[in-house]
Every structure is written in structure tokens, then in C-alpha cells.
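Sequential numbering of the sequence shown, starting at 67, is according to the working numbering. From the three backbone atoms N, C-alpha and C, an ideal C-beta is built for every residue, glycine too. Below is one structure; the comments refer to it alone.
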Amino acid sequence: MTEVAEGQCAVVIVAAGSGQRLGHGVPKARVPLGDEPMLAHAVRGVVKAGIAAQICIAIPAGDAELERICARLAAESASAGVLNFSVVEGGADRSASVRAALEVLGHGITTVLIHDAARPLAPAGVFDRVTAALRDGAKAVIPALAVVDTIKTVVPASLPSTGAGVEKVSGTPARNQLRAVQTPQGFDVATLRRAHEYALTLDDATAAAITDDAMLVEAIGEDVYVVQGSTHSLKITSPTDLLLAEAMLQGPLRPRWVEG
Ligand code: CTP
Ligand code: MG
67 MTEVAEGQCA
77 VVIVAAGSGQ
87 RLGHGVPKAR
97 VPLGDEPMLA
107 HAVRGVVKAG
117 IAAQICIAIP
127 AGDAELERIC
137 ARLAAESASA
147 GVLNFSVVEG
157 GADRSASVRA
167 ALEVLGHGIT
177 TVLIHDAARP
187 LAPAGVFDRV
197 TAALRDGAKA
207 VIPALAVVDT
217 IKTVVPASLP
227 STGAGVEKVS
237 GTPARNQLRA
247 VQTPQGFDVA
257 TLRRAHEYAL
267 TLDDATAAAI
277 TDDAMLVEAI
287 GEDVYVVQGS
297 THSLKITSPT
307 DLLLAEAMLQ
317 GPLRPRWVEG
């Protein structure tokens with residue numbers, strides 16, 4: 067296990083997904099954004115934020131290309147002062163990839179940020195807000211944005227005349243209480259480890275419905291605090307998201323993007 071001075075922060079980047087919805091036929095972390103793989107942007111964003119004593123990346127098993135990319139990023143991060151750079155084999159789902167990374171955190175690590183490689187443009191301001199809340203005593207912190215669409219809950223239904231299968235609205239939660247949640251999510255390491263031990267006790271259907279680490283921390287009864295996210299932290303899921311990220315990175319929009 068890596069030796070890290072006591073009281074330090076690690077950043078885990080989960081990059082072991084297959085990128086089915088993006089449809090490039092390769093893991094999303096390898097898909098080019100501008101002239102670099104998405105993972106390179108994510109790692110550089112973490113280094114630039116200046117908060118990581120250790121960076122740990124979870125990649126798909128046996129992906130030699132991502133191993134090479136990680137070796138290059140490890141060297142680049144070391145020259146920028148982040149000397150502890152670990153790469154682990156991810157798991158079958160996102161939670162399993164996070165657990166694999168938690169196994170290799172250095173002894174001195176007391177807080178950890180879990181970040182998606184699929185959010186390669188998260189700005190330093192978000193990392194700062196999350197780590198500041200951890201310093202102020204929060205054991206779990208998530209960045210989030212107010213929701214702009216009206217959100218409905220639905221149930222399966224049939225149309226009255228034809229019986230055609232559709233959905234119908236079962237409710238409309240008050241929009242001012244809804245938040246769209248992003249990464250990096252920050253945690254006290256012991257709390258996150260406890261939450262992931264709890265995850266291992268869940269049945270398959272419940273475990274499949276876990277979409278972020280904060281859900282697990284909520285489930286063990288800890289408070290999860292919310293800080294302001296950023297529109298730059300968009301998650302690249304579909305080809306449209308990739309186009310938008312490209313525009314943010316290098317297009318004519320760029321000089322106008324000043325949000326932190
Ligand atoms: N992830 C992971 N291990 C998995 C599944 C997902 O590390 N077994 C990571 C992805 O690499 C991504 C993040 O979790 O950075 C969010 O997942 P998502 O956006 O769903 O990415 P993919 O699973 O790769 O995409 P898809 O669901 O379209 O296949
Ligand atoms: Mg996925």
C-alpha cells in the first residue's frame with residue numbers, strides 16, 4: 067500500500083465502464099475529446115485542482131491501451147507534484163470499481179473524492195468547494211445544480227381505448243427541492259468504507275439501483291451535504307454530450323465560459 071502523509075486527500079477516478087450509450091465501441095475513458103482521451107482531461111483537472119496526494123484510476127480489466135494512457139498520465143502527474151498514482155482493475159459495476167480503488171488508498175489518506183472519468187471538464191472550483199466542506203466537518207459532500215426541467219414520476223399504464231402500453235404520471239415533486247447531482251463527491255474515508263461494506267449486503271436488484279456513492283452514505287444514516295456544482299461538469303453519456311464538451315473545450319464558445 068502506498069505511503070501518504072497523515073490527513074491527506076485522495077482522488078479516485080472511475081473509468082472502468084464500457085461506454086455503451088456513447089457507442090464508440092471502446093471504453094468511454096479512451097474516447098478522444100479534442101486531441102486527448104477523455105481520461106487525460108479528467109486527470110489533468112484533478113492535478114490542476116491541487117488537492118490530491120494520491121490519484122487512483124479504475125480501468126477495465128486487460129485494457130492495455132488504457133494502461134499505456136495511465137502510465138503517461140502518471141509521469142505527467144508526477145512532474146506536477148502528484149507522486150502517488152495507482153491504477154486498479156475496475157469491477158462489474160461502478161460501486162465495485164470504487165471498492166477496488168478504496169483498497170489501494172495510502173494509510174495517511176483521511177478524505178477521498180470519487181470522480182467519474184465521464185465528467186472530464188469538472189473545474190477546479192468544484193473540487194475546492196467539495197474539499198472545503200470536508201475541512202468544515204462534513205463526512206459526505208456532493209456538488210449539485212438546481213433542476214431546470216419539471217420532473218415527473220411515472221408508472222406503467224394502458225391507454226383507455228386501445229389498451230396500448232404507455233406510462234402515466236404518478237406525481238410531480240416540487241422542483242425547488244430537486245438537485246441534479248454530479249461528481250467529484252467527497253467523503254471521510256472511514257465513512258465511505260462503511261457505506262461500501264453495507265453495499266455488499268444488498269440484493270442484486272437493490273445494488274443495481276445504486277447510481278452514486280452518496281446514496282450508500284445516505285443509506286447508512288450519515289448526512290450528505292450539498293455544494294454548488296458546475297455546468298462544466300456535464301456527464302458525457304451520449305454523442306450529443308460529447309459534441310457539447312468539444313464545444314466547451316475548443317470551440318468559439320470557449321472565451322465566453324467563465325463559470326467556475
Ligand atoms: N464505471 C466504472 N466501472 C463500471 C461502470 C462504470 O468505473 N463497471 C465508471 C465509468 O467509467 C464512468 C462512471 O462510472 O466514468 C459513470 O458511468 P457511466 O457514465 O454509466 O459510464 P459507462 O458505464 O462507461 O457508460 P454506459 O453506461 O453507457 O455503458
Ligand atoms: Mg454505466
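Item to check | Reference GLY85; option with closest CA among SER304, LEU300, LEU268, ALA137 | outcome: Comparing Cα positions, the closest option is SER304.
Item to check | Close beta carbons around ILE217, own chain, < 8 angstroms, minus the five adjacent residues each side | outcome: Only THR238, PRO239, ARG241, LEU244 meet the Cβ criterion.
Next on the checklist: With the cut-off set at 9 angstroms, would you say LEU105 and ILE302 are in Cβ contact?
Outcome noted: Contact flag unset, no.
Item to check | Nearest neighbour of ARG165, chosen from ALA184, ASP279, ILE286 [CA to CA] | outcome: For ARG165, the closest alpha carbon among the candidates ALA184, ASP279, ILE286 is that of ASP279.
Next on the checklist: Tell me the rounded alpha-carbon separation between GLU284 and ALA265.
Outcome noted: Going by the C-alpha atoms only, they are around 12 angstroms apart.
Checklist entry - Going by beta carbon distance, what residues of the same chain come within less than 8 angstroms of GLN316, once the five residues before and after it are set aside? => result Excluding positions up to five away in sequence, the list reads GLY100.
Item to check | CA-to-CA distance, PRO226 to VAL220, given in whole angstroms | outcome: If I take the Cα positions, the gap works out to 17 angstroms.
Next on the checklist: So, with DSSP's three-state summary, where would you put GLN120?
Outcome noted: In the structure shown, GLN120 sits in a strand (DSSP, three-state: E or B).
Checklist entry - Can the beta-carbon of GLU169 be found closer than 9 angstroms to that of VAL192? => result No.
Next on the checklist: Closer than 7 angstroms between the C-beta and any heavy atom of ligand 3: which residues qualify, listed along the chain?
Outcome noted: Here the bound small molecules are ligand 1 and ligand 2; ligand 3 is not part of this structure.
Next on the checklist: Which same chain residues end up closer than 7 angstroms to ALA210 when comparing Cβ atoms and leaving out the 5 residues on each side of it in sequence?
Outcome noted: If we look at ALA210 and ignore the five residues flanking it on each side, its Cβ neighbours are ARG245, ALA246, VAL247, GLN248, VAL292, GLY295.
Checklist entry - Mind pulling the beta strand (DSSP E) runs of 3 or more residues that sit fully within the region 110 to 186? => result 120 to 125, 150 to 155, 175 to 182, all fully within the region 110 to 186.
Checklist entry - What is the C-beta distance between LYS94 and ALA184, in whole angstroms, given that I count them as a contact (C-beta under 8 angstroms)? => result Contact check for LYS94 and ALA184: beta-carbon distance about 6 angstroms, within the 8 angstroms limit, so the pair qualifies.
Checklist entry - From this set, ALA167, ALA119, PRO250, which residue's C-alpha is nearest PRO126's C-alpha? => result Considering only alpha carbons, the answer is ALA167.
Checklist entry - Hey, ILE276 and SER161: beta-carbon distance below 9 angstroms or not? => result Yes, these two residues count as a Cβ contact at 9 angstroms.
Checklist entry - Can you tell me whether VAL235 is buried or exposed, with buried defined as 16 or more other CB within 10 angstroms of its CB? => result The residue is exposed, with fewer than 16 neighbouring Cβ atoms inside 10 Å.
Checklist entry - Secondary structure at GLU312, three-state DSSP: helix, strand or coil? => result Per DSSP, reduced to three states, the secondary structure at GLU312 is helical.
Item to check | Alpha carbon of ALA199 to alpha carbon of GLY73, nearest angstrom | outcome: Roughly 15 angstroms between the two C-alpha positions.
Item to check | Nearest to ALA146 (by Cα), restricted to the options ALA119, ALA81, VAL213 | outcome: Here the closest residue by C-alpha is ALA119.
Checklist entry - Ends of the alpha helix (DSSP H) at GLY191? => result Run containing GLY191: 190 to 201, per the alpha helix (DSSP H) assignment.
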